[in-house]
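Chains as they are written, first to last, in our numbering: chain Z, 66 to 312; chain B, 3 to 244.
Ideal Cβ placement from N, Cα and C applies to all residues, glycine included.
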């Protein structure tokens, strides 16, 4: 379980996050939603240790990630998998080497076992045939799937996905969403997804947190989000004409 | 001034939380190929022509019949070993290697590849930059030795083909009053320049924020700052060691 308590972050004189708290449970796909520039990605970066918040706590099963000693932080990092917005695959490595990379760097497992594990993860995302290809030869959707395979290769307890659907067509987006959901259920992972994709919200949002100008404005799930009375959230959800008409 | 402070802090981060030796060994070998082997062609061309031009221009300036022609070879040798091979080669490498390092790291930064390393607990600066610095420190002296030989050979070819100097006079000049410390001095310079070029370029690339435009700007700044640092260090080392 991940708990965030009173997270605040300011860049210069601009407050990006103002006292965000929340809980994310294992086996549940939690979504953090909001418009561009509302602090979603900064919150994710605070949770994974890429940005240090000005105040607040991030607890992984009760262990404080921000103030814990180096060993605790290292241990938590080993339990994390992150899918970055642009997939962040290493250009100079093949798909298989990319997926195997965390195992190479963090474990002493024999190379045959590492390769086997990496191939299993590639099979899980349906890309075993692309193992020897370079990232530049892959489509956007394939890169995301390789990113997911790399994120799960260490058997993470926590999976973070930063806008997994950005730049993808609706069909591929849904496939990626379903893959994230399946992996979350299958391995009982605590999954946090940053998105502003309506399909994702309705499809996989077992828990949804809505951010607006650095504040948490609403929390619920995909069955209640359409009945929200928060004007900012409604404005966000019904920005699309089709959804407005349906409503 | 804040950049200088940040630069030294950045250098400090290279030596904390390092990876295992075997990881660096493989990366250093890859970087030796990228920085060293792939620079042989440009270094060879530049140094050969510089030697040739030095020989021809020195002969043009020697108008007195009282000065022996072998002095041309002495000038080519000393200017090559003391200055042209280490400094000009390093300026050329600042353009080739420096811009490559800055743009590579800058692209990795803006495409979140550096974040991906950090997230799994790898010290990204040490993992990415230290092998480049070590490879530079190994390959720059070798390239500069090559440049020295080719420059002197270029002078020989130009001088003898244009009848400026006889082969005997040239060889005699090369062997006259040779100070072995000049070679040591050139190698010391090459290591210092390697550290400066690789670290300054890495600092510029590693700290890029923004997009493609900023990567290009960082690459340009890396080359400019590296060249300035090389020339300043060149002066300081000459003052200190000669």
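Since residue i contacts residue j with CB under 8 angstroms, what's their CB separation in whole angstroms?
i                      : j                      : result
residue 50 of chain B  : residue 153 of chain B : 7 angstroms
residue 77 of chain B  : residue 52 of chain B  : Residue 77 of chain B to residue 52 of chain B, Cβ: 13 angstroms. No contact.
residue 110 of chain Z : residue 276 of chain Z : Residue 110 of chain Z to residue 276 of chain Z, Cβ: 14 angstroms. No contact.
residue 67 of chain Z  : residue 274 of chain Z : Not really, about 12 angstroms apart at Cβ, beyond 8 angstroms.
residue 167 of chain B : residue 75 of chain B  : 7 angstroms
residue 210 of chain Z : residue 244 of chain Z : 7 angstroms
residue 243 of chain B : residue 190 of chain B : 7 angstroms
residue 154 of chain Z : residue 208 of chain Z : 6 angstroms
residue 217 of chain B : residue 108 of chain B : 4 angstroms
residue 119 of chain Z : residue 75 of chain Z  : 6 angstroms
Is it buried or exposed for residue i, if we count other Cβ within 10 angstroms and need 16 for buried?
i                      : result
residue 122 of chain B : buried
residue 196 of chain B : buried
residue 237 of chain B : exposed
residue 63 of chain B  : exposed
residue 7 of chain B   : exposed
residue 65 of chain B  : exposed
residue 264 of chain Z : exposed
residue 261 of chain Z : buried
residue 17 of chain B  : exposed
residue 145 of chain Z : buried
residue 176 of chain Z : exposed
residue 106 of chain B : buried
residue 160 of chain B : buried
residue 164 of chain B : exposed
residue 224 of chain Z : buried
residue 246 of chain B : Residue 246 of chain B cannot be examined here, being either before or after the span of chain B that is shown, 3 to 244.
residue 22 of chain B  : exposed
residue 195 of chain Z : buried
residue 132 of chain Z : exposed
residue 4 of chain B   : exposed
residue 305 of chain Z : exposed
residue 82 of chain B  : buried
residue 35 of chain B  : exposed
residue 236 of chain Z : exposed
residue 157 of chain B : buried
residue 234 of chain B : exposed
residue 142 of chain Z : buried
residue 224 of chain B : buried
residue 79 of chain B  : buried
residue 317 of chain Z : Not covered by the structure: residue 317 of chain Z. The range shown for chain Z is 66 to 312.
If you drop the 5 nearest sequence neighbours on each side, which residues of the same chain put their C-beta closer than 6 angstroms to that of residue i?
i                      : result
residue 9 of chain B   : 205
residue 70 of chain Z  : 86, 121, 122
residue 174 of chain B : 72
residue 215 of chain Z : 163, 164
residue 80 of chain Z  : 279
residue 184 of chain B : 83, 84
residue 269 of chain Z : 94, 242, 246
residue 84 of chain Z  : 71, 73
Determine the chain B residues that contact residue i at a beta-carbon separation under 9 angstroms, and present them in chain order.
i                      : result
residue 143 of chain Z : 122, 123
residue 139 of chain Z : 123
Using C-beta distances below 7 angstroms, list every residue in its chain close to residue i, excluding the 5 sequence neighbours before and after it, in chain order.
i                      : result
residue 135 of chain B : 197, 200, 201
residue 127 of chain B : 12, 15, 16, 208
residue 30 of chain B  : 133, 136, 137
residue 100 of chain Z : 261, 301
residue 140 of chain B : 34
Please list, in chain order, the chain Z residues whose beta carbon lies closer than 8 angstroms to that of residue i.
i                     : result
residue 15 of chain B : Those within 8 angstroms of residue 15 of chain B in chain Z number zero; the least Cβ separation is about 15 angstroms.
Under 8 angstroms Cβ-Cβ, which residues of chain B neighbour residue i?
i                      : result
residue 167 of chain Z : 122
residue 184 of chain Z : Within chain B, no residue comes near residue 184 of chain Z; the closest Cβ sits about 20 angstroms away, beyond 8 angstroms.
In chain Z, which residues lie with their C-beta within 9 angstroms of the C-beta of residue i?
i                      : result
residue 113 of chain B : 149, 151, 152, 153, 154, 156
residue 117 of chain B : 110, 113, 115, 147, 149, 153
Heavy atom of the ligand GDP less than 8 angstroms from the Cβ of residue i, yes or no?
i                     : result
residue 67 of chain B : Ligands in the displayed structure: none, and consequently the ligand GDP is not present.
Which chain B residues are close to residue i, counting only those with a beta carbon under 7 angstroms from its beta carbon?
i                      : result
residue 113 of chain Z : 121
Taking Cβ positions only, does residue i come closer than 9 angstroms to chain C?
i                      : result
residue 170 of chain Z : No chain C appears in the structure shown, which is made up of the protein chains Z and B.
If you drop the 5 nearest sequence neighbours on each side, which residues of the same chain put their C-beta closer than 8 angstroms to that of residue i?
i                      : result
residue 93 of chain Z  : 249, 255, 256, 271, 272
residue 284 of chain Z : 87, 272, 273, 274, 275
residue 289 of chain Z : none
residue 19 of chain B  : 125, 128
residue 232 of chain B : 89, 92, 93, 96, 195, 198, 199
With contact counted as at least three CB pairs below 8 angstroms, one residue from each stretch, are the segment 123-137 of chain Z and the segment 286-306 of chain Z in contact?
no
Contact the segment 86-97 of chain B vs the segment 34-50 of chain B: 3+ CB pairs below 8 angstroms
yes
Any 3 or more C-beta pairs closer than 8 angstroms across the segment 154-161 of chain Z and the segment 176-188 of chain Z:
yes
Any 3 or more C-beta pairs closer than 8 angstroms across the segment 185-198 of chain Z and the segment 140-158 of chain B:
no
Do the segment 135-153 of chain Z and the segment 105-116 of chain B touch if we need at least three Cβ pairs shorter than 8 angstroms?
yes
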